[in-house]
Amino acid sequence: MNYISAKDVLPIEIIKQIQCYVDGQIIYIPKSEPKKKGRKVDTLAKRELSIRNTNIYMEYISGLSIKQLSQKYFLVEKSIQRIIRQEKTKNL
C-alpha cells in the first residue's frame, strides 16, 4: 500500500485539526459511502455469473455439448471448458 503525505493533499487547517487527535502517526481514512455501494453491484454481478456458470455445468452434465453451450451463452468454447473445469473442481 502506498502512503500519501497529508501535506500533499490536505489544507494546513485540516492537518492542524487532525494533529489534535493523532500527531505523527499513520492513520487510515476509509472510502466514502457512495464508493462502498459499488461493491454491492460487483457482488450482484459475481452472484449472477456464479449462477450462470452452475447452469452451464449442469447443462453440460445433462448432455449438451461444449459447442451448444458456447452458442447458447455467447461464449467461446475455451471459456465454456474453463467454466466446466472450475465447476467440476468446486463440486468435488
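When you line the sequence shown up against our numbering, it's residues 14 to 105, in that order. We treat Cβ as the ideally placed atom computed from N, Cα and C, and that holds for glycine. Please read all numbers here as calculations on a predicted model, not as lab measurements.
Exposed unless 16 or more other CB atoms sit within 10 angstroms - verdict on residue i
i: I96; result: buried
i: I25; result: exposed
i: N66; result: buried
Spatial distance of residue i from residue j (CA atoms)
i: I31; j: D55; result: 33 Å
i: G37; j: L57; result: 41 Å
i: E90; j: L105; result: 23 Å
i: Y86; j: S63; result: 14 Å
i: I17; j: I40; result: 11 Å
i: S45; j: N15; result: 19 Å
i: Q84; j: V22; result: 51 Å
Integer Cβ distance of residue i from residue j, believed to fall under 8 Å
i: I69; j: L82; result: 6 Å
i: I79; j: Q94; result: 6 Å
i: I28; j: K20; result: 7 Å
Enclosing alpha helix (DSSP H) for residue i [first to last residue]
i: Y86; result: 79-86
i: I27; result: 25-32
i: K44; result: No alpha helix (DSSP H) holds K44; DSSP gives it neither H nor E.
i: Q94; result: 90-103
i: V22; result: 19-22
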